[in-house]
Amino acid sequence: MATVMRFRPLLLLFLFCPLFLSHLGEPDLFGIGICMAEDESLPVAKLRGDAKAEWDTELLYFKEETVSIAARHEQPISQAPSNVYVITDKDIRQSGAPDLPTVLRRIPGLEVMQVTGADFNVSMRGDNQLNANKLLVMVGSRSIYVDVQGNLYWKAIPVTLPEIKRIEVQKGPASVLYGFNAFDGIINIITKSPEEIKGATAQFGGGAYGTISSAAVYANSYKKLGFRLSYGHDQNQQWRSGGTPAYRDNKFNVQTEYALGGDSKLSFSGGLVHLNRFDGFVVDAAVQTGVPDFGYAHAGYERPNFFIRGFWNGYGINGPITTNPSLAPFLRFTDPNFNPVTMLRGNTYNLEAQQGIEIGTTTRFTAGINFRHNTLSANFIDRFRTEDRLGLYLQGEWKPSHMFQIVGGVRYDLDTFIDPTISPRGSLLFSPFLNHTFRATVAVGYRPPTLADTCRDTLGIVTLPPPIPSPPPTNARGSGGLGPEKIVSYELEYQGWYVQHRLRVRAALFYNHISDLITASGLSPTQAGGVADVHGGETGLEFLATKWLSGFGNFAYQEIGQTLTGTSQRAGPRFKYNAGLRAQWENGLKGASLGGPHRQPPDGLAHGPI
780 MATVMRFRPL LLLFLFCPLF LSHLGEPDLF GIGICMAEDE SLPVAKLRGD
830 AKAEWDTELL YFKEETVSIA ARHEQPISQA PSNVYVITDK DIRQSGAPDL
880 PTVLRRIPGL EVMQVTGADF NVSMRGDNQL NANKLLVMVG SRSIYVDVQG
930 NLYWKAIPVT LPEIKRIEVQ KGPASVLYGF NAFDGIINII TKSPEEIKGA
980 TAQFGGGAYG TISSAAVYAN SYKKLGFRLS YGHDQNQQWR SGGTPAYRDN
1030 KFNVQTEYAL GGDSKLSFSG GLVHLNRFDG FVVDAAVQTG VPDFGYAHAG
1080 YERPNFFIRG FWNGYGINGP ITTNPSLAPF LRFTDPNFNP VTMLRGNTYN
1130 LEAQQGIEIG TTTRFTAGIN FRHNTLSANF IDRFRTEDRL GLYLQGEWKP
1180 SHMFQIVGGV RYDLDTFIDP TISPRGSLLF SPFLNHTFRA TVAVGYRPPT
1230 LADTCRDTLG IVTLPPPIPS PPPTNARGSG GLGPEKIVSY ELEYQGWYVQ
1280 HRLRVRAALF YNHISDLITA SGLSPTQAGG VADVHGGETG LEFLATKWLS
1330 GFGNFAYQEI GQTLTGTSQR AGPRFKYNAG LRAQWENGLK GASLGGPHRQ
1380 PPDGLAHGPI
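Heads up: the sequence shown begins at 780 in the numbering used here, then just goes up one per residue.
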């Protein structure tokens, strides 16, 4: 079989470069993403058989998405027991976005805050802050959340944009099925199989501040074996110093699949992300914390209603801690031996299995177990440390009629450093008419203290100008008495299809109660005494105007009431809206995708992009 070759060169400025027009003096951001002249190896005119029929169908009406994130098995999005939003590979390709956080900005209720050219903070529904750490992110069902430190490097996610098939985003706690860290919600990045991206694909983009986003992918198959190889390179300069690199990485990934009988398969994937520039993390007193690197390996066996998977994530940091310039003359951080350079190595080993049981056409049970072992070796903790986590979960789904569906589940988690936690979720779905669904959900989630919170051993050294005597160094130690952070969430949602499935309308109301947040008291972690209550609503629509023109629009509103103070305070824009249009013709030419988010911060002041 001849190798299929696809090349997606997006010519500088007009053909590949996303153009953003920003009114930084106003509390809004208007963006124009341009993605044109895309040459595919299989243009629409050459599609045959089922592929051509599917294309023609998509031009007539919207297809309802099939998702797996909310119940851990595939189902129509309208039957999901939680609020789910989907971004497709077409959305990504035609957005002109250079990185994943920029792609996610269009989702109502999701906040993306970029602090430097390398450092992003992403959260759900008003739970944002520097070093946001309440969102679980997975690539191909493998967690990439850094357990040992409780953070995520958004630009260093180990996948290139052309490899992504779709992104499923669940808003609201997902601890019932995914355990710790699925606090605000969860993002699962689903990649294309070797068959779906068969051939060679090259993508290149660039822009201001020395921005380069590039990827090369090759996939093929031989009999029952399929494989995918990819390489990515991304870089950009600092905002405050345009000639200084802020971020530079090289990504290498490999995925293999071997088809067995009975719709079962074996899979293996592995890769590494090497960074030599990273301008972050920005926290209250520090603006740089070292340059990270990542490696992973993932293996699994799947068949209908059953899977068993295991993965290893490796994580290292090397580099000095740089104090905020306004504090640098007076404050610096070192390890107990007065060494300011971070030397850290962490590992996560995870094993999980799940079994689904269907009873007739009305009932389904899902049961699962996972074990995780974390290790951390660093000069900023007291000694080599380990952590073990064990989780058991059970979920039941009952659909006595086409109008009603009840979903309930509970998870029991054990952790080395905290008491056991129980995370329930209950959902009631009501469909009084075809294509119209109402849903009510109550869920509880937890996030435990990290090894860095529990075992920290750091010196804070204050130097005062003479003749004022400087105080002795302050030793910041972790606390073994920290409990888990907690969220209780309530949500109502409506989904409806109109105009012969050419228009979808969605609306949601939510209330989140957040407590027991872990924050810094001086230099040491402690449990914050206050609470935050976040409530608001989201609404949006997607429409197919003609065979060649589609669009979307959404609006989000939220209020934050809290007794939290300092860096534990929750934050997010009060209003946010997005709108976009997409044109696509049968000759394969993609028109401009126009749109942009508008955000009003809580204090009403003018800010740049959030």
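C-beta atoms are modelled at their ideal positions from N, C-alpha and C, and glycine is treated no differently.
Within 7 Å, strictly: CB atoms of F1090 and R851: Position 311 of the sequence shown holds residue 1090. Position 72 of the sequence shown holds residue 851. No; because the gap between Cβ atoms is not below 7 Å, this pair is not in contact.
Pick from T990, V1241, F1159, F1144 that is closest to G875, judged by C-alpha positions: The sequence position of residue 875 within the sequence shown is 96, counting from 1. It is T990.
Residue burial classification, V1313 (beta-carbon count within 10 angstroms, cutoff 16): Taking the sequence shown and counting its residues from 1, one reaches residue 1313 at position 534. Result: buried.
Proximity of D1295 and G1257 at Cβ, strictly below 7 Å: Counted from its first residue, the sequence shown places residue 1295 at position 516. Counted from its first residue, the sequence shown places residue 1257 at position 478. Not closer than 7 Å, so no.
Opening and closing residue of the alpha helix (DSSP H) in which Y957 lies: Here the question's residue 957 lines up with position 178 in the sequence shown. It spans 954-957 - the alpha helix (DSSP H) in which Y957 sits, taken as one unbroken run.
Range of the contiguous beta strand (DSSP E) that encloses T1342: To locate residue 1342, count along the sequence shown from 1; it is residue 563. Here T1342 belongs to no beta strand (DSSP E), and DSSP marks it neither H nor E.
Beta-bridge pairing of Q1034 - partner residues as DSSP gives them: The residue you call residue 1034 lines up with position 255 of the sequence shown. In DSSP, Q1034 forms a bridge with R1007, S1048.
Where the alpha helix (DSSP H) containing T1305 begins and where it ends: The residue labelled residue 1305 in the question sits at position 526 within the sequence shown. Note, T1305: premise wrong, no alpha helix (DSSP H); beta strand (DSSP E) at 1303-1306.
Beta-carbon contacts of I856 that lie in its chain and below 8 Å, excluding the five residues immediately before and after: To locate residue 856, count along the sequence shown from 1; it is residue 77. E843, E844, T845, V846, V863, V865, Q1274.
Distance, I1247 Cα to I936 Cα: Reading the sequence shown from its first residue, position 157 is the one you call residue 936. Reading the sequence shown from its first residue, position 468 is the one you call residue 1247. Distance between the alpha carbons of I936 and I1247: 47 Å.
Cβ pair A981, A995 closer than 7 Å: Counting from one through the sequence shown, the residue named residue 981 turns up at place 202. Counting from one through the sequence shown, the residue named residue 995 turns up at place 216. Taking 7 Å as the Cβ cut-off, A981 and A995 qualify as a contacting pair.
With 16 other Cβ atoms within 10 Å as the buried cut-off, status of E1338: What you label residue 1338 is simply residue 559 of the sequence shown in a count that begins at 1. It counts as exposed.
I886 beta carbon near the ligand SAH (any heavy atom closer than 6 Å): No copy of the ligand SAH appears in this structure; indeed no ligand is present at all.
Beta-bridge partners of R1151, as assigned by DSSP: Residue numbering aside, residue 1151 sits at position 372 when the sequence shown is read from its first letter. Bridge partners of R1151: N1129, R1168.
Environment of W1364 [buried if 16+ CB atoms lie within 10 Å]: The residue labelled residue 1364 in the question sits at position 585 within the sequence shown. Counting Cβ neighbours within 10 Å, W1364 comes out exposed, since fewer than 16 surround it.
Where the beta strand (DSSP E) through A1311 begins and ends: Numbered from its first residue, the sequence shown carries residue 1311 at position 532. That run of the beta strand (DSSP E) goes 1310-1323.
Same chain, Cβ closer than 6 Å to Y1080, neighbours up to 5 away in sequence not counted: The residue you call residue 1080 lines up with position 301 of the sequence shown. Excluding residues within five positions, the ones whose Cβ falls inside 6 Å are L1045, I1087.
Closest by C-alpha distance to T1023, when choosing among T895, Q1174, F1144: Your numbering for residue 1023 matches position 244 in the sequence shown. With distances taken between Cα atoms, T1023 lies closest to T895.
Beta carbon proximity, L1238 to chain C, threshold 7 Å: Protein chain content of the structure displayed is limited to a single chain, and chain C is not contained in it.
DSSP bridge partner residues for S1000 (one or two, in chain order): Taking the sequence shown and counting its residues from 1, one reaches residue 1000 at position 221. In DSSP, S1000 forms a bridge with G1005.
Test item: CB-CB of G984 and T939 under 7 Å: In the sequence shown, residue 984 corresponds to position 205, counting from 1. In the sequence shown, residue 939 corresponds to position 160, counting from 1. No. Outside cutoff.
Range of the contiguous alpha helix (DSSP H) that encloses D870: By one-based count along the sequence shown, residue 870 stands at place 91. That run of the alpha helix (DSSP H) goes 868-874.
With 16 other Cβ atoms within 10 Å as the buried cut-off, status of P1211: For this step, residue 1211 is matched to residue 432 along the sequence shown. Exposed is the call here.
Distance between I1138 and G1069 (C-alpha atoms, nearest Å): The residue labelled residue 1069 in the question sits at position 290 within the sequence shown. The residue labelled residue 1138 in the question sits at position 359 within the sequence shown. Their Cα atoms are separated by approximately 53 Å.
Stretch pair the segment 1062-1076 + the segment 1197-1211: three plus CB contacts closer than 8 Å: no
Reference G1332; option with closest CA among P1304, L1282, A1358: The residue you call residue 1332 lines up with position 553 of the sequence shown. Among P1304, L1282, A1358, the Cα nearest to that of G1332 is on A1358.
Three CB pairs or more closer than 8 Å across the segment 1116-1125 and the segment 1149-1162: yes
Continuous beta strand (DSSP E) stretch holding L879: start and end: In the sequence shown, residue 879 corresponds to position 100, counting from 1. Here L879 belongs to no beta strand (DSSP E); instead the alpha helix (DSSP H) covers 879-883.
Proximity winner among G1135, L915, L1320, relative to Y1277 (alpha-carbon distances): For the purposes of this step, residue 1277 is taken as the residue at position 498 of the sequence shown. The residue with the shortest Cα to Cα distance from Y1277 is L1320.
Buried versus exposed call for G1308 [16 or more other C-beta atoms within 10 Å across all chains shown]: Residue 1308 sits at position 529 when you count from the first residue of the sequence shown. The residue is exposed, with fewer than 16 neighbouring Cβ atoms inside 10 Å.
Given T1342 as reference, the closest of Y1336, S1020, F1085, A1311 once Cα atoms are compared: As a working note, residue 1342 is residue 563 in the sequence shown. Of the listed residues, the one whose Cα sits closest to T1342 is A1311.
The segment 1102-1113 contacting the segment 1128-1136, beta-carbon criterion three pairs below 8 Å: no
Rounded straight-line distance, which links the Cα of P1245 to that of V1033: For the purposes of this step, residue 1033 is identified with residue 254 of the sequence shown, where counting begins at 1. For the purposes of this step, residue 1245 is identified with residue 466 of the sequence shown, where counting begins at 1. In a straight line, the C-alpha of V1033 is about 58 Å away from that of P1245.
Pair within 7 Å by beta-carbon distance, A1286 and P887: The count along the sequence shown starts at 1 and reaches residue 1286 at position 507. The count along the sequence shown starts at 1 and reaches residue 887 at position 108. Result no, Cβ atoms of A1286 and P887 do not sit closer than 7 Å.
Paired residues, beta bridge with R851 - DSSP: By 1-based counting over the sequence shown, the position of residue 851 is 72. BP columns for R851 are empty, so no partner.
Alpha-carbon spacing of P1251 relative to I1240, whole angstroms: Against the sequence shown, residue 1251 aligns to sequence position 472. Against the sequence shown, residue 1240 aligns to sequence position 461. The alpha-carbon atoms of P1251 and I1240 are separated by roughly 7 Å.
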